[in-house]
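K.L.:
Here the numbering used here is used: the first residue of the sequence shown is 8, the next is one more, and so on.
Each residue gets a CB set at the ideal place from its N, CA and C atoms; glycine is no exception.
Bear in mind the structure is a predicted one, so any value in this text is a computation, not a measurement.
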Amino acid sequence: MLPPKKLVFNSILCLFIVVFGGQIQAQKVSKKTNPKVVIDTTKNKSVAVDTIKYKLKAFKTKAHASYYHNKFNGKRTSSGIRFSNNKYTAAHRKLPFGTKLKVTNEENGKWVIVEVIDRGPFSRGREIDLSRRAFMEIASNKNSGVTIVKLEIIEN
C-alpha cells in the first residue's frame, strides 16, 4: 500500500497522462541564458515530438539550397558517415560537422532541422545541399531543384 502523499501524486500523474494523451513536454534550456527564439517541434513532423527550446544564431538569409541526387545514397560523406536521402542531413562548405541548422524556406515559412555531415555543394551560388527528404518537406514547388532559404545555427 502506498503512503497517502504518493497515492495522491500517482493519481494526479495518471489523470495528467489521460488528459494530455501522454505527451509530456521536455524543455532543454540552460538556466543561465534564456533563448531568444522558441522552436515548437510538435508542429513539425521532421523532428522529435517534444517541445524543445533552442537558442538560434542567424547565419545567412537568401541562401540557395539544393538537394542530393539519389546516386549518393549509401556513399560515405566527408565526415565518414554513410549518406541517406531519408535522413535530415546537409552539406555545407565551412560549417563544422555535427552543426545543427534550422533551414527555413523564405517563400512559405516551412522549416526543418538538419545536421551537417558533408562538404559541398560544389556548384557556385549554392550555399547548402539538403537530403532529399529535408528538401521536399520545405519545398513549395516539388519539381524545382533549388529554393531560397534562411539558415540559423542551433546553439545548445
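Whole angstroms is fine: what's the gap from G28's alpha carbon to R83's?
P.N.:
Here residue 28 corresponds to residue number 21 of the sequence shown, with the count starting at 1. Here residue 83 corresponds to residue number 76 of the sequence shown, with the count starting at 1. Residue placement at G28 is poorly supported in this model, since its pLDDT is 45, which falls under 50; the coordinates are not used for a value here.
K.L.:
Please determine, among G116, L108, G105, G152, the residue with the shortest C-alpha to C-alpha distance to H71.
P.N.:
In the sequence shown, residue 71 corresponds to position 64, counting from 1. Cα-wise, what sits closest to H71 is G152.
K.L.:
Quick check on DSSP: helix, strand or coil for E144?
P.N.:
Within the sequence shown, numbered from 1, the residue matching residue 144 stands at position 137. Of the three classes helix, strand and coil, the one that applies to E144 here is helix, per DSSP.
K.L.:
So, are the CB atoms of F90 and F79 less than 8 Å apart?
P.N.:
For the purposes of this step, residue 90 is taken as residue 83 along the sequence shown, with counting starting at 1. For the purposes of this step, residue 79 is taken as residue 72 along the sequence shown, with counting starting at 1. Their beta carbons are under 8 Å apart, which means F90 touches F79 by this criterion.
K.L.:
Please go through the same chain and pick out, in chain order, the residues whose beta-carbon is closer than 8 Å to the beta-carbon of A97, but skip the five residues on each side of it.
P.N.:
What you label residue 97 is simply residue 90 of the sequence shown in a count that begins at 1. Within the same chain, A97 has close Cβ partners L108, V110, V121, E122, V123, I124, D125, I135, D136, L137, S138, A141.
K.L.:
In the DSSP output, which residue or residues are listed as bridge partners for N112?
P.N.:
Start at 1 with the first residue of the sequence shown, and residue 112 comes out as number 105. Bridge partners of N112: V156.
K.L.:
Name the residue from I161, I160, T154 whose alpha carbon lies nearest to the alpha carbon of K69.
P.N.:
Within the sequence shown, numbered from 1, the residue matching residue 69 stands at position 62. Taking only the C-alpha atoms, the option nearest K69 is T154.
K.L.:
Going straight from the alpha carbon of W118 to that of S130, what length do you get?
P.N.:
Taking the first residue of the sequence shown as 1, we reach residue 118 at position 111. Taking the first residue of the sequence shown as 1, we reach residue 130 at position 123. Looking at the two C-alpha atoms, the distance is approximately 23 Å.
K.L.:
Name the DSSP beta bridge partners of I88, please?
P.N.:
Locating residue 88 in the sequence shown gives position 81, where the first residue counts as 1. Answer is none; I88 lacks a bridge partner.
K.L.:
Along the chain, where does the beta strand (DSSP E) that runs through Y74 open and close?
P.N.:
Within the sequence shown, numbered from 1, the residue matching residue 74 stands at position 67. Per DSSP, Y74 belongs to the beta strand (DSSP E) from 62-74.
K.L.:
Using the DSSP secondary-structure output, state which residues sit across from K107 in a beta bridge.
P.N.:
Within the sequence shown, residue 107 is the residue found at index 100, counting from 1. K107 is bridged to E122.
K.L.:
Quick test of your reading: S147 and N112, contact by CB under 8 Å. State the CB separation rounded to the nearest angstrom.
P.N.:
Translated into the one-based positions of the sequence shown, residue 147 becomes position 140. Translated into the one-based positions of the sequence shown, residue 112 becomes position 105. Confirmed, about 7 Å.
K.L.:
Can you tell me which of the three DSSP states R139 falls into?
P.N.:
Your numbering for residue 139 matches position 132 in the sequence shown. Correct three-state label for R139: helix.
K.L.:
Should S85 go down as buried or exposed, given a rule of 16 or more other Cβ atoms within 10 Å for buried?
P.N.:
Within the sequence shown, the letter at position 78 stands for residue 85. With fewer than 16 other Cβ atoms within 10 Å, it is exposed.
K.L.:
So is E159 buried or exposed if we call it buried at 16+ other beta carbons inside 10 Å?
P.N.:
Working through the sequence shown from its first residue, we reach residue 159 at position 152. Per the 10 Å Cβ criterion, buried.
K.L.:
Using only CA atoms, which one of Y75, V156, G87 lies nearest to N115?
P.N.:
Taking the sequence shown and counting its residues from 1, the one referred to as residue 115 is at position 108. Closest by alpha carbon: V156.
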